[in-house]
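Colleague: If you count the sequence shown from 1, position 271 lands on 271 in the UniProt record's numbering, and the numbers rise without skipping.
First the structure, which I've put down as structure tokens, then a few questions once you've had a look.
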Amino acid sequence: MTSRINIGRPASTSYHSPDPHGFANSQPSTGYRAANPDHPLERIRAVAKQVEDAIEIYSQPLKPHLPTIGRFLIIVTFYEDALRIMTQWNDQLWYLQTHRHFYPGISHIFLLLNVITMLVASSAVIMKRHTEYAVIGLLSVVVIQGFGYGLMFDLTFFLRNLSVIGGLIMVFSETMINKKKSFAGIPSMSETDRKKYFLLAGRVLLIFLFFGFIIQGKWSIGRVFVSLFGLAACTMVAIGFKAKWSATFLVILLSVFNVFANNWWSVHSAHPQRDFLKYDFFQTLSIVGGLILLVNIGPGGLSVDEKKKTY
1 MTSRINIGRP ASTSYHSPDP HGFANSQPST GYRAANPDHP LERIRAVAKQ
51 VEDAIEIYSQ PLKPHLPTIG RFLIIVTFYE DALRIMTQWN DQLWYLQTHR
101 HFYPGISHIF LLLNVITMLV ASSAVIMKRH TEYAVIGLLS VVVIQGFGYG
151 LMFDLTFFLR NLSVIGGLIM VFSETMINKK KSFAGIPSMS ETDRKKYFLL
201 AGRVLLIFLF FGFIIQGKWS IGRVFVSLFG LAACTMVAIG FKAKWSATFL
251 VILLSVFNVF ANNWWSVHSA HPQRDFLKYD FFQTLSIVGG LILLVNIGPG
301 GLSVDEKKKT Y
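Written out as structure tokens, the structure reads:
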């Protein structure tokens with residue numbers, strides 16, 4: 001057996017290296033630590049990625065309709081409220097005049113303005129006509145009713161209405177138009193800048209409903225687990241981390257909770273609890289609509305998800 005002898009080359013080199021400095025070396029350097037797929041954190045990331053992919057795949061047929069569904073669910077509580085005032089007109093007048101000490105003429109005007117504003121503004125949101133003014137009108141109804149019915153300082157009512165306001169802000173940010181109005185010496189804010197701040201406000205306000213759920217009702221083992229998972233999802237929505245995934249989880253959780261906890265249809269029509277359950281049911285639908293809009297348009301620029309894309 002003969003051996004190959006390298007003539008004219010150093011004894012330590014048996015071949016010519018096309019990359020003597022190792023720039024094309026595919027092996028990781030000693031300072032690089034490869035990700036361990038068996039690490040618990042990596043497994044969680046892999047599962048989260050699978051969930052996100054599944055949500056993206058299965059939501060494709062619904063995706064074109066998500067804005068319409070979200071908008072309708074957000075304003076459905078205002079339609080229900082307007083219908084309730086009209087069908088219970090005398091009872092509403094009696095309550096305002098007896099318990100809230102409204103003068104007869106003032107109470108009539110108060111109810112009439114609320115009904116007209118809710119019907120007109122809600123229809124404008126659905127038809128995407130003058131959405132900014134419609135949202136402002138509905139926001140004013142939320143505030144005025146809170147003071148008019150004396151519920152502004154009720155904690156549960158206050159938290160729920162913050163979430164409803166969050167849903168309306170989501171509608172506002174979705175349809176925001178850059179009105180090029182500038183004033184001398186005053187820096188103008190672009191549409192993108194305004195939108196990301198409104199999305200942040202909408203995200204944060206949407207989760208207040210869940211805080212109301214936590215502080216009311218009787219505690220049990222199941223309620224503790226639901227509260228912990230829901231609180232984690234709310235935190236993720238607020239900071240914009242895996243926002244679409246966490247918002248989808250909250251949509252499912254709130255929908256199931258709404259059907260079983262606010263089942264007003266199972267209560268006799270003469271029972272006084274029926275109206276309260278019905279009110280809570282449609283308000284929860286409104287917040288679910290805001291979360292659906294969040295799933296559709298994303299968390300915006302001021303979020304962990306967006307920062308991860310940048311860095």
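Ideal placement from N, C-alpha and C gives every residue a C-beta, glycine not left out.
Cα separation between L111 and I85?
Modeller: The alpha-carbon atoms of L111 and I85 are separated by roughly 7 Å.
Colleague: Count the other CB atoms, across all protein chains shown, that sit within 10 Å of the CB of K307; report buried if there are 16 or more and exposed otherwise.
Modeller: Exposed is the call here.
Colleague: Measure from the alpha carbon of R160 to the alpha carbon of each residue in H65, F172, G146 and G240, then state which is nearest.
Modeller: Of the candidates H65, F172, G146 and G240, the one whose C-alpha sits nearest the C-alpha of R160 is G146.
Colleague: Under 8 Å: do the stretch 262–272 and the stretch 241–253 share three or more Cβ pairs, one atom per stretch?
Modeller: no
Colleague: Enumerated in chain order, which unbroken segments of the alpha helix (DSSP H) with a length of 4 residues or greater are wholly contained in the stretch 49–88?
Modeller: 66–87
Colleague: Mapping the DSSP letters down to three states, classify L302 as helix, strand or coil.
Modeller: coil
Colleague: Which of the three DSSP states, helix, strand or coil, is assigned to K242?
Modeller: coil
Colleague: DSSP on H108, reduced to helix/strand/coil?
Modeller: helix
Colleague: Would G167 pass as a contact of G290 if the rule is Cβ separation under 8 Å?
Modeller: Result yes, Cβ atoms of G167 and G290 sit closer than 8 Å.
Colleague: If you measure between the beta carbons of S163 and L209, is that distance less than 8 Å?
Modeller: Closer than 8 Å, so yes.
Colleague: Count the other C-beta atoms from every protein chain shown that fall within 10 angstroms of the C-beta of G230, then say buried if there are 16 or more, exposed otherwise.
Modeller: buried
Colleague: Let me confirm a value: V47 is counted as buried when at least 16 other C-beta atoms fall within 10 Å, else exposed. Which label applies?
Modeller: exposed
Colleague: Can I169 and G137 be called in contact, C-beta distance under 8 Å?
Modeller: no
Colleague: DSSP three-state call for residue 312: helix, strand or coil?
Modeller: Shown here, the chain extends from 1 to 311; a query on residue 312 therefore has no answer.
Colleague: Rounded to the nearest angstrom, what separates L83 and I239 at their Cα positions?
Modeller: A straight line joining the alpha-carbon of L83 with that of I239 spans about 37 Å.
Colleague: So, under 8 Å CB-CB, A243 and L294 are touching, yes? Tell me the CB distance rounded to an integer number of Å.
Modeller: 7 Å
Colleague: For the alpha helix (DSSP H) containing G150, list its first residue and its last residue.
Modeller: Premise fails: G150 is in no alpha helix (DSSP H) and is neither H nor E.
Colleague: Only counting the same chain, and skipping five residues up and downstream in sequence, which positions put a Cβ closer than 7 Å to that of F158?
Modeller: M152
Colleague: Please report the straight-line C-alpha distance between E56 and K63, rounded to a whole angstrom.
Modeller: 9 Å
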